[in-house]
């Protein structure tokens, strides 16, 4: 019995020692695990901080690029506005030059028209003088000239076309008035006697 009790006591002591050893080992393992976990947590925290810093740096770069793009867009918009203004001024200048050129063309046309009108008036006067005949008396010529000049158009207007019948009638009148021998011939013939002598 004593031996058995001693065996039971030894077994109890061995059990207590084993439990103590296991407890110490468990505590050591737990401490080591917590230490490793803490280190891992620190590493994780550092990694998170590093990633956040990288993201913040990227955000700052993006903001800087966006600001640069906005400034570049404003510069492009200013250049486009200046270019549009320059094109507008160029078009206005071309339009003004075209209008001035048109005015000059109109002036040239008016001067050419006036020169043509003057030449037509001179030709018309020459035709009238030719129709009246150069043998008319000075009084008749001056009278006809005054009458014709009153009928002539002014130099600033178009010459009105005169009817050809008027010119023909005046030429007949001037021809009859300029040839008194033709009007006197029938009278002389009428007063001749039947015998051939004068009455």
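Numbering (the UniProt record's numbering), first residue to last: 1 to 199. A virtual CB, placed ideally from N, CA and C, is assigned to each residue, including glycine.
*Would you tell me roughly how many angstroms separate the C-alpha atoms of residue 117 and residue 111, rounded to the nearest one?*
Cα-Cα distance, rounded: 10 Å.
*Output the distance between the C-alpha atoms of residue 47 and residue 39, rounded to the nearest integer angstrom.*
Straight-line Cα distance between these residues: approximately 12 Å.
*Determine the burial state of residue 60: buried for a count of at least 16 other Cβ atoms within 10 Å of its Cβ, exposed for fewer.*
Exposed.
*May I have the straight-line CA-CA distance separating residue 130 from residue 91, to the nearest angstrom?*
About 57 Å.
*Can you have a look at residue 34 and say buried or exposed, based on whether 16 or more other CB atoms are within 10 angstroms of its CB?*
Result: exposed.
_residue 159, DSSP secondary structure in three states_ = The predicted position of residue 159 is uncertain, since its pLDDT is 48 and thus under 50; a value taken from the coordinates is nonetheless stated next. The answer is coil: DSSP assigns residue 159 none of H, G, I, E or B.
*Should residue 116 be flagged as near chain B, meaning a C-beta pair shorter than 7 Å?*
This model lacks chain B altogether, as it is built from one protein chain only.
*Which of helix, strand or coil does DSSP assign to residue 73?*
Helix, per DSSP.
*What's the C-alpha gap between residue 97 and residue 107?*
The straight-line gap from Cα to Cα measures roughly 15 Å.
_Three-way DSSP call (helix, strand, coil) for residue 38 in this model_ = Residue 38: helix per DSSP, three-state reduction.
*Use the C-beta contact count for residue 132: other C-beta atoms within 10 angstroms, 16 or more gives buried, fewer gives exposed.*
Under this definition residue 132 is a buried residue.
*With 16 as the cutoff for other CB atoms within 10 Å, does residue 128 come out buried or exposed?*
That one is buried.
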